[in-house]
Amino acid sequence: MRFFIKTFGCQMNVSDSNTLQELLIDRGGTPADEPSMADLLIVNTCSVREKAERTAKNKIKEYGSIKKKNAALWVVGCMSQRVGESLRREIPSVTAVIGAMDMEYIHTQIDTLLETVESANTVSGKGRSYGECSAFIPVMRGCNNYCSYCIVPYVRGDEHSLSVEEILNDIQKKVARGVREITLLGQNVNSYGTEKTTFAELLRRVNDVPGIDRIRFTTSHPKDISDELISAVASLSKVAKHIHLPVQSGADAVLKRMNRKYTRAMYLETIDKIRRACSPIDITTDVMVGFPGESESDFADTLSLFSDVGYTTAFMFAYSPRTGTPAVDFPEQVPEKVKKERLQELISLQTEITKGKYAAMKGKTVEALITYKSSRGWIGQDMGAKRVFIQSTDDLYGKMIRGTVSETTGMTLVISEYTRIS
Ligand code: SAH
Ligand code: SF4
Ligand code: F3S
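Each residue of the sequence shown is one higher than the one before, counting from 1 in UniProt numbering.
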């Protein structure tokens with residue numbers, strides 16, 4: 001059986017798609033080079049913004065028209081959870097709709113699901129090397145925060161943490177396959193907690209796993225950053241010096257209506273604490289412009305917060321109304337044109353800040369893990385959140401290198417001389 005998976009959305013979706021891929025390979029499946037050659041096509045969808053759903057729908061329709069006559073077309077993930085079986089009425093070529101909440105238990109359902117897939121052949125793909133050096137490890141799923149704009153709690157369900165044993169098992173399996181870097185995942189990863197274990201304690205346990213070079217985690221909610229977590233990041237040798245801390249807005253009135261449960265002052269105090277405990281460190285963020293009721297002066301507060309914090313990079317979005325969330329019904333929806341203008345202004349500001357952060361690295365020594373080969377050279381990440389580029393004929397995939405930054409472009413540290421440290 002040949003399969004083809006197309007993934008939209010966040011790292012949790014990438015992780016779910018990887019799990020699906022492993023399950024299919026273990027059952028004799030082989031990845032197809034082209035969707036038109038596959039016996040099973042899977043689209044893993046995202047609902048977070050209207051555009052994400054539109055893009056996914058177009059892809060599903062496209063696959064419906066190019067797929068082999070008897071090939072199966074599964075739609076999985078957050079949009080499947082939100083719209084359910086009505087998707088099959090809208091796009092009849094879809095053969096199964098599997099929601100995001102089912103993805104956690106997909107290993108118990110996959111065999112039944114596969115019974116309906118007609119496969120050209122079942123040549124065993126067992127023993128194929130998965131070959132990745134960096135992997136995502138979900139440690140908690142779902143979200144209870146109900147930010148007023150966000151669809152995630154409705155499509156991913158209630159927050160729950162996985163046990164330390166499950167997590168360490170998952171990590172050990174991946175390390176045995178050659179994984180060197182892991183990213184612990186959760187919608188709200190720093191509220192991870194079981195009876196015995198806080199997120200900081202989990203980081204310490206993972207830091208002790210032999211064979212791991214680097215540990216990352218995302219996404220942290222500013223209201224749940226504990227002092228214990230900050231000192232764990234500062235002191236644990238394998239934990240990347242990077243915290244992704246979505247701010248969403250720099251204006252208190254907007255943060256309140258967003259139900260974010262912190263103020264601008266609390267957020268800035270957290271940033272200060274992090275920087276006092278750990279320097280250098282990359283801080284990155286998510287932000288939204290054009291939330292209902294966002295005035296010019298609220299937007300100016302976001303701009304000034306960006307200047308004050310100095311994020312290494314930021315994901316910047318225009319607010320997209322999501323049916324079923326409270327904010328769709330809020331008064332004073334901001335016109336699309338204004339949202340676009342504000343987004344452009346914020347992007348221009350952040351682009352300059354990012355350039356400055358990269359330029360300041362010239363001449364500095366960095367340690368980078370190389371995770372990707374492009375047509376031009378090797379790409380990796382430094383100990384923080386910065387992209388590193390090396391041109392070399394050596395095989396650097398999965399290797400740690402130490403080198404001096406010889407030049408920087410907008411968003412890349414270029415390294416010309418380096419030594420391998422693993
Ligand atoms: N759990 C994470 C990320 C959730 S989704 C967190 O709490 O930060 C990723 C990002 O998408 C959010 O941080 C937010 O900036 C953005 N986002 C979520 N809902 C959105 C919406 N309705 N319109 C525009 N952007 C949205
Ligand atoms: Fe959405 Fe807020 Fe939960 Fe993040 S914390 S997933 S933005 S509801
Ligand atoms: Fe999108 Fe679902 Fe992630 S809505 S952002 S894929 S949790």
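In this text, a Cβ means the ideal position worked out from N, Cα and C, and glycines have one as well.
Practice problem: Have a look at Gly127 and Thr30 and give me their C-alpha separation to the nearest angstrom. | Solution: Legend: pLDDT at Gly127 = 35, less than 50; position of this residue unreliable, value from coordinates given subsequently. Gly127 and Thr30: Cα-Cα distance of roughly 11 Å.
Quiz prompt | Three CB pairs or more closer than 8 Å across the region 311 to 325 and the region 258 to 266 | solution = no
Quiz item: By how many angstroms is the C-alpha of Ser148 removed from the C-alpha of Asn44?
Solution: 24 Å
Quiz item: In three-state DSSP terms, what is Met266?
Solution: helix
Quiz item: Just curious, the beta strand (DSSP E) that Ala72 is in, first and last residue?
Solution: 72 to 77
Self-check item: Minimum C-alpha distance to Ile271 - residue among His242, Leu168, Gln381
Solution: His242
Quiz prompt | Burial state of Thr365, where buried means 16 or more other Cβ atoms lie within 10 Å | solution = Result: exposed.
Quiz item: When the Cα atoms are used, what is the spatial distance from Thr412 to Arg89?
Solution: The straight-line gap from Cα to Cα measures roughly 46 Å.
Exercise. Sort Ala72, Met101, Gln81 by Cα distance to Pro92 and report the nearest one.
Key: Ala72
Quiz prompt | Inter-residue spacing [alpha-carbon to alpha-carbon] between Lys339 and Gly290 | solution = 5 Å
Quiz item: Rounded to a whole number of angstroms, what is the C-alpha to C-alpha distance between Phe3 and Ser119?
Solution: Rounded to whole angstroms, Phe3 to Ser119 spans 9 Å at the Cα level.
Quiz item: Expressed to the nearest angstrom, what Euclidean distance is found between the alpha-carbon atoms of Ile370 and Thr198?
Solution: 30 Å
Practice problem: Would you check whether ligand 3 has a heavy atom nearer than 8 Å to the C-beta of Ala52? | Solution: yes
Quiz item: Using the C-alpha atoms, what's the distance from Ala360 back to Asp395?
Solution: 29 Å
Quiz item: Any heavy atom of ligand 3 closer than 8 Å to the Cβ of Cys46?
Solution: It does: the Cβ of Cys46 is within 8 Å (strictly closer) of some heavy atom of ligand 3.
Quiz item: By DSSP, does Ser348 sit in helix, in strand, or in coil?
Solution: Of the three classes helix, strand and coil, the one that applies to Ser348 here is helix, per DSSP.
Self-check item: Rounded straight-line distance, which links the Cα of Thr408 to that of Ser124
Solution: At Ser124 the pLDDT is 45, less than 50, meaning the model places this residue with poor confidence; the figure from the coordinates comes in the next sentence. Ser124 and Thr408: Cα-Cα distance of roughly 46 Å.
Exercise. With a threshold of 16 other CB atoms inside 10 Å of the CB of Ser163, please say whether the residue is buried or exposed.
Key: exposed
Quiz item: Just how far apart, CA to CA, sit Glu85 and Ile25?
Solution: 27 Å
Self-check item: Buried versus exposed call for His221 [16 or more other C-beta atoms within 10 Å across all chains shown]
Solution: buried
Practice problem: Would you list, in sequence order, the uninterrupted beta strand (DSSP E) runs of no fewer than 3 residues that lie entirely inside the region 198 to 263? | Solution: 214 to 218, 242 to 244
Practice problem: May I have the straight-line CA-CA distance separating Ile106 from Val309, to the nearest angstrom? | Solution: 41 Å
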